[in-house]
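Participant: Have a look at the structure that comes next, please.
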Amino acid sequence: MSTSEKALETNKFTHILTIGFTLSNIIHATTAIVLSTLWSNSKMCGGYSHILSKFHVALFIIYIAVALVKLPILLKHYLHEPISQMWMNRFISHFSIKLYTIAILAEIVLELVSYSDQHFCSNHQREVLMWSSRSFYSISFLLNFLSFVYTSVQRMSFYKTV
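Numbering that gives the first Met the number 0 applies: residue 0 is where the sequence shown begins, and numbers increase by one.
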C-alpha cells in the first residue's frame, strides 16, 4: 500500500471516528437523562436517589455542552473548509480524554454514594439502577479511551512523517 493510499485510508477512518464520536456524545446525553429519570423515580431510595438524579442531570448538561461545541466544528469541517487531520485528531483527543475523566469521576461518585449507606435502596431496585449506571460509565470510558488512544497514535505517526 502506497503512502497516499495509507493517508487516504487513515483520513476516512478519522472521518468515521469523528462522526461516531459525536453520535456517541448524543447517546451519552440521552442515557444520562434516562438514568436521571430512573433515579428520580426510585422514591424508596431516599436522599441518595435525589443526589444521583441531580448528578445525572449535570452529566446530561456536560454532554450536551460538549455536543454543542463539537457540532459547529464538524459542520464547518464537512460543509465549508476541511480541517486538517492533525487538528481533527487533536480535537477528538482533547474531548475524549476529558469525557473519559468525567466517566471515571462519575463511577467514583456512584460508588461513594452507594457504599456510604448499604441500605439506601431495596436490594433488587438498587442492583438494577447500579448495574445500568455502571454499564453506562464502563462503556463511556471504554469508548473515550479507545478514541483517545487512536488519535494519539495518529498524532505520533503524523509527527514521525513530518
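In this text, a Cβ means the ideal position worked out from N, Cα and C, and glycines have one as well.
In terms of alpha-carbon separation, which member of 11, 14, 21, 30 lies closest to residue 136?
Facilitator: Here the closest residue by C-alpha is 30.
Participant: Decide if the region 45–63 is in contact with the region 75–89; the criterion is three or more beta carbon pairs, one per stretch, under 8 Å apart.
Facilitator: no
Participant: Measuring CA to CA, which of 92, 65, 25, 15 is closest to residue 147?
Facilitator: 92
Participant: What is the rounded straight-line gap between the Cα of residue 132 and the Cα of residue 141?
Facilitator: Distance between the alpha carbons of residue 132 and residue 141 is about 14 Å.
Participant: Out of 134, 94, 95, state which residue places its alpha-carbon closest to the alpha-carbon of residue 106.
Facilitator: 134
Participant: Rounded to the nearest angstrom, what separates residue 68 and residue 75 at their Cα positions?
Facilitator: 12 Å
Participant: Nearest to residue 36 by CA position, among 104, 128, 143, 150, is which residue?
Facilitator: Answer by Cα proximity: 128.
Participant: Spatial neighbours of residue 99 within its chain, please: CB distance less than 7 Å, with the 5 preceding and 5 following residues excluded, ordered by chain position.
Facilitator: 140, 143, 144, 147
Participant: For residue 163, which three-state DSSP category applies?
Facilitator: One cannot answer for residue 163 here, as it falls past the ends of the chain, which runs 0 to 161.
Participant: Could you give the uninterrupted runs of the alpha helix (DSSP H) lying entirely in the region 43–112, keeping only those of 4 residues or more?
Facilitator: 46–74
Participant: Tell whether a beta-carbon distance below 8 Å holds between residue 66 and residue 21.
Facilitator: Residue 21 sits close to residue 66, with the two beta carbons spaced by under 8 Å.
Participant: Within 10 Å of its beta-carbon, does residue 28 have 16 or more other beta-carbons around it, so buried, or fewer, so exposed?
Facilitator: buried
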